[in-house]
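Reading through the structure tokens given below for one structure.
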Amino acid sequence: MRMGYYPGCSLLGSSREFDESVRAVAAALDLDLVQVPDWNCCGASSAHVLDAKLAAALPARILAQAAEAGLDEVLAPCAACYNRLVSAQQALAKNPAFAEEIAGITGAPAATRVRVLNVLEVLDRLRDTIQARVKTPFGRKVACYYGCLLVRPPRVVAFDRPEDPRSMDLLAEAAGAVPLPWSHKTECCGASFSVTRTDIVAKLSGRVLDAAVKAGAEAVLVACPMCQSNLDMRRPEINAHLGRELDIPVLYITQALGLALDLDPEKLGLHRHMVPAMPARA
Amino acid sequence: MGSPSHEPDTLKARLRRDLGVNLNHCYQCGKCSAGCPVAEDMDLTSSRAMRLLQMGDPELDRQVMASEGIWLCLTCETCSTRCPQEVEVAQVMDHVRHEALQAGLAHPRSRDIVAFHVAFMDSVRTTGRLYEIGLVADYKARSRHLFKDVTLAPKMYVRGKLPLLPHLIKGRNALKGIFARTLGKGR
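Sequence order for the protein chains is A and B. Those letters in the first sequence? Residues 24 to 305, per my numbering, in order. Those letters in the second sequence? Residues 40 to 226, per my numbering, in order.
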């Protein structure tokens with residue numbers, strides 16, 4: 024299978040292990056990822072706060088680049104990129120006058136036919152293959168943490184259930200893990216306040232980790248770079264806020280799948296986490 | 040306000056016109072604030088902001104625009120998701136922020152948050168992609184929080200999470216054009 028690929032900025036830097044594990048798992052599942060040529064930043068957490076047209080124009084250029092390269096489907100592993108691409112595309116589809124204005128700004132017609140997919144959506148298509156190829160089951164009890172942007176707002180992203188999603192749980196199960204029912208699947212981690220309001224991130228991410236640990240999880244699985252970095256890199260602040268030391272690791276779903284498929288932990292970027300995410304080898 | 044035959048120029052009217060959001064649909068059930076993860080930190084919660092905007096009074100509009108609450112909104116979309124009337128609360132928050140910035144009403148305590156977003160987009164304006172070291176350096180200069188996270192950066196660096204050079208895309212001129220025609224500060 025061939026598919027467009029939009030890594031997004033954080034996958035080149037602070038979340039490069041997400042990129043590494045997506046590519047490694049895709050290769051192991053015979054999924055051919057074709058990078059969107061000369062892609063730009065989608066504007067992520069900031070453009071929409073400052074200017075509505077900027078927030079639509081940046082994703083519009085990305086989608087136009089994908090369309091020009093003949094890509095019908097584009098995988099955007101970062102949940103924030105996925106949400107921004109889908110949101111912008113819908114805003115353009117809903118309002119032809121706005122679409123025309125944005126086309127004037129980007130210099131390219133709105134690429135409304137390119138389908139943007141998140142990482143769970145793509146992996147879900149490959150679930151049977153994953154299950155068949157599991158060599159070392161990821162035998163840990165896990166809390167699947169979806170965060171906000173993969174499932175909300177439902178009128179825009181229309182993916183899974185907004186309050187109690189299941190797609191990652193099913194993938195974790197396919198990899199041999201035991202997904203637990205728990206309370207904070209879609210509660211916000213504090214998102215882009217990581218730098219500006221670390222106090223809020225410590226409080227919100229602390230609630231998420233506390234709930235996962237109380238549910239009996241041995242690892243938290245995520246599909247969003249912001250969730251991962253807040254829960255992992257902000258652990259000292261979280262622990263200080265909670266007043267106790269939580270050492271539960273936070274892995275990308277692709278890393279858990281990669282381990283189950285017997286891929287090299289180094290190639291999955293497992294050594295890059297702040298909180299040690301020891302491979303599940305018995 | 041103006042004559043009754045004219046639609047008053049209020050945030051409520053502009054939200055209706057520009058976003059298609061009808062604030063009259065809000066019946067003040069409070070679900071948006073009840074589920075909001077930062078409601079407890081806000082001086083003005085989302086449901087209260089909806090109520091004030093609903094009044095269609097420029098003075099109350101100013102009150103909402105000048106609140107700190109609009110800057111604490113994480114755009115997590117819990118409010119929009121749970122609103123039984125399908126009012127796009129998070130979109131309203133974005134729009135109110137845009138107008139607050141244009142009107143120079145951004146709350147003083149939100150200075151760092153605004154600085155972060157401006158630094159973020161400045162990084163994208165020049166290179167086409169977010170350059171994380173540049174973002175943090177720019178943010179530190181703007182916010183004057185020079186020593187925040189000094190211990191985190193080296194840990195990120197040794198784990199290969201902080202590439203030292205920015206990624207320059209080829210279409211940098213296209214990007215500059217997009218910024219010039221939107222934020223209007225193209226360099």
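Even for Gly, the Cβ is constructed at its ideal location relative to N, Cα and C.
- Burial of valine 231 of chain A is indicated by the presence of at least 16 other C-beta atoms within 10 angstroms of its C-beta.
- Per the coordinates, the alpha-carbon of valine 298 of chain A lies some 11 Å from the alpha-carbon of alanine 242 of chain A.
- The C-alpha of cysteine 247 of chain A lies about 7 Å from the C-alpha of alanine 103 of chain A.
- Taken through DSSP and simplified to helix, strand or coil, glutamine 58 of chain A comes out as strand.
- Lysine 164 of chain A sits in a strand when the DSSP states are folded into three classes.
- Boundaries cannot be given for alanine 99 of chain A, as no beta strand (DSSP E) includes it and DSSP labels it neither H nor E.
- Each residue's CA atom was taken as its position, placing arginine 148 of chain A and leucine 140 of chain B some 44 Å apart.
- Considering only B:Met195, B:Ile208, B:Lys209, the residue with the shortest C-alpha distance to glycine 292 of chain A is B:Met195.
- Boundaries of the beta strand (DSSP E) harbouring leucine 244 of chain A: 242-245, taken from the DSSP string.
- Between the beta-carbon of proline 202 of chain B and that of threonine 166 of chain B there is about 12 Å, and that puts the pair past the 8 Å contact cut.
- Within the segment 48-62 of chain A, the residues whose Cβ lies closer than 8 Å to some Cβ of chain B are Asp61, Trp62, listed in chain order.
- At a cut-off of 7 Å between beta carbons, isoleucine 109 of chain B makes no contact with chain A.
- Excluding sequence positions up to five before and after leucine 115 of chain A, its CB lies within less than 7 Å of the CB of Ala79, Ala83, Phe121, Ala122, Ile125, Ala133, Thr135, all in the same chain and listed in chain order.
- Residues of the segment 71-94 of chain A with a C-beta atom less than 7 Å from some C-beta of chain B are His71, Val72, Leu73, Asp74, Ala75, Lys76, Leu77, Ala80, Leu81, Arg84, listed in chain order.
- The contact set of tyrosine 196 of chain B on chain A, defined by CB atoms closer than 8 Å, is empty, because the minimum CB distance reaches about 11 Å.
- Using a Cβ-Cβ distance cut-off of 8 Å, the segment 127-147 of chain B and the segment 57-65 of chain B are in contact, since at least three pairs of beta carbons, one from each stretch, lie closer than that value.
- For secondary structure counted as the beta strand (DSSP E) over 3 or more consecutive residues, the segment 243-279 of chain A holds these complete runs in sequence order: 273-275.
- Using beta-carbon distances, proline 177 of chain A counts as an interface residue toward chain B, with a partner under 7 Å.
- Residue pairing by DSSP places methionine 26 of chain A opposite A:Leu56 in a beta bridge.
- For valine 163 of chain B, the nearest CB of chain A lies under 7 Å from its own CB, placing it at the interface with that chain.
- Listed in chain order, the non-local C-beta contacts of glutamine 154 of chain A below 7 Å within the same chain comprise Ala197, local neighbours out to five positions each way being set aside.
- When C-beta atoms of the segment 255-272 of chain A are compared with those of the segment 171-180 of chain A, fewer than three pairs fall below 8 Å, so the two segments do not count as touching.
- In the DSSP assignment, valine 201 of chain A is bridged to A:Lys164.
- Of all residues in the segment 192-222 of chain B, those with a C-beta nearer than 8 Å to a C-beta of chain A are Lys194, Met195, Arg198, Gly199, Lys200, Leu201, Pro202, His206, Ile208, Lys209, Gly210, Ala213, Leu214, Gly216, Ile217, Phe218, Arg220, Thr221, Leu222, reading in chain order.
- In this structure, the CA atom of aspartate 61 of chain A is about 47 Å from the CA atom of tyrosine 66 of chain B.
- Put simply, the backbone Cα of aspartate 188 of chain B is about 37 Å away from that of isoleucine 128 of chain A.
- Around the beta carbon of cysteine 118 of chain B, a 10 Å sphere encloses 16 or more other beta carbons of the protein chains shown; the residue is thus reported as buried.
- Annotated as distal: methionine 249 of chain A and alanine 300 of chain A, with beta-carbon spacing of 7 Å or more.
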